Structure formats: C-alpha cells, structure tokens
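Please read the structure below before turning to the comments.
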Amino acid sequence: PYLVSNVVAAMLWLWILDTTLGVTNQLIEAVFGDTVNFFSSTLAIPTIAIINVWRHVGYTALLIFAGLQSIPNTVYEAGKVDGASEWRMFWKITVPLLRPILALVLIMTIIGSFQVFDTVSVTTQGGPVNATRVLQYYIYDLAFGRFQFGYASALAVGLLIILAAITALQYKMTRAGQTDLD
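For the sequence shown, full-length UniProt numbering gives the first residue as 1, with consecutive numbering after it.
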C-alpha cells in the first residue's frame with residue numbers, strides 16, 4: 001500500500017467505507033442490521049488515522065526487517081554462549097542495534113503524521129463541522145479558499161520549523177547515528 005498514492009488510497013477507503021455501497025457497511029448491515037458512518041464527526045479522525053497506518057505499515061515493517069537482517073548472527077551466538085535468554089537478547093542486543101532504524105522509523109512516522117492533507121481533502125474536505133480540519137488543510141483553505149496567502153505562508157513556515165525541531169530533538173535523543181557495534 002505504500003507505493004499507492006495517498007489520493008488513490010483515500011478514494012479506495014472512501015469506497016470501502018461508504019455508508020450505502022461500501023463493502024464494510026454491507027457486512028455490518030448484514031450482521032447487525034444497521035450501517036456505520038465512518039466519516040461522521042466522531043469517527044472521522046480515527047478512520048483517517050487507520051487509513052494512514054494501513055498505508056505506512058508495510059514500509060515500516062520493511063525498514064525494521066532490513067535492520068534485523070543487518071545484525072550479525074555472531075552477536076546472538078555470543079549471547080547464547082553467555083547464557084542470555086531470548087527475552088534478554090531481544091532487549092540487550094536487538095533493540096540497541098536497531099536504534100538507528102527505530103529512530104528513522106520514529107522520525108518518518110511523526111513527519112508522515114503531518115502528511116494527511118490529501119487523505120482529508122479526498123475523504124472529508126475538513127468536515128463534518130471541521131472535525132478533520134488538520135493544520136495542512138487549514139493552510140490550504142486560507143491560501144486558496146480565502147486568498148490569505150500571507151497568513152497561510154506564515155503558518156506553513158511555522159509548520160516547517162516545528163517539524164525540523166521535532167526531527168532534531170528525536171535525532172539527538174535517540175543518538176540515531178550510532179549503534180552499539182560502532
């Protein structure tokens with residue numbers, strides 16, 4: 001799903017979760033006799049979150065799998081010789097050696113959580129009653145809906161600064177460039 005564009009993924013989920021024609025609601029109606037509006041004011045944000053998690057879980061798993069493949073077997077063999085349990089090897093060998101990959105995944109996940117504009121735009125257009133009006137959609141609405149380009153630009157620069165600060169903080173806190181093998 002990661003290679004599918006956000007717009008296509010959002011349209012796919014909009015169709016799957018449609019109140020009248022969606023596959024999910026057809027099953028829910030067959031079992032419970034009623035349908036669920038997944039894009040109502042109370043369920044819209046969790047639904048958009050699930051769509052985005054679905055899109056990114058494969059890429060995240062691939063990164064972690066690649067990180068696991070990069071850990072030398074000799075380290076695990078040494079742990080077994082020393083009498084370490086599987087649980088102890090996981091916490092004392094695997095997790096520390098995956099630190100750079102986990103830091104990358106964390107940074108990309110936080111930045112990716114800010115990239116929901118297209119999903120919101122396609123599925124709810126910021127509604128219902130501004131329930132899904134995320135900052136990116138608000139910036140878009142200010143610039144191209146209300147033609148307040150200056151204010152929208154200031155908010156966009158502020159968002160850039162926030163993302164840069166979060167990335168720098170996470171990088172520093174996790175010592176992302178270092179592993180225990182270095």
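The C-beta atom is built at its ideal place from N, Cα and C for all residues, glycine as well. The structure presented is a predicted model; accordingly, all values stated were derived computationally and were not measured.
- In the displayed model, residue 118 falls within a helix according to three-state DSSP.
- The three-state secondary structure of residue 146, taken from DSSP, is coil.
- Per DSSP, the continuous alpha helix (DSSP H) segment holding residue 99 begins and ends at 99-113.
- With a cutoff of 8 Å on beta-carbon distance, residue 132 and residue 48 are scored as near each other.
- Cα atoms of residue 108 and residue 57: separation of roughly 12 Å, rounded to the nearest angstrom.
- Residue environment: residue 110 is assigned as exposed (fewer than 16 neighbouring CB atoms within 10 Å of its CB, all protein chains considered).
- For residue 92, no alpha helix (DSSP H) encloses it, and the DSSP letter there is neither H nor E.
- Taking 8 Å as the cut-off, the beta carbon of residue 93 is found closer than this to the beta carbon of residue 75.
- About 6 Å separates the Cβ atoms of residue 39 and residue 123, confirming a contact at the 8 Å cut-off.
- Our two residues, residue 88 and residue 116, have alpha carbons roughly 38 Å apart in a direct line.
- The beta carbon of residue 10 sits closer than 7 Å to those of 51, 118, 119, 122 and 123, all from its chain and outside the five residues before and after it, given in chain order.
- Taking each of 165, 24, 100 and 72 in turn and checking the Cα distance to residue 63, the smallest one comes out for 100.
- Under the three-state reduction of DSSP, residue 18 is assigned to coil, being neither helix nor strand.
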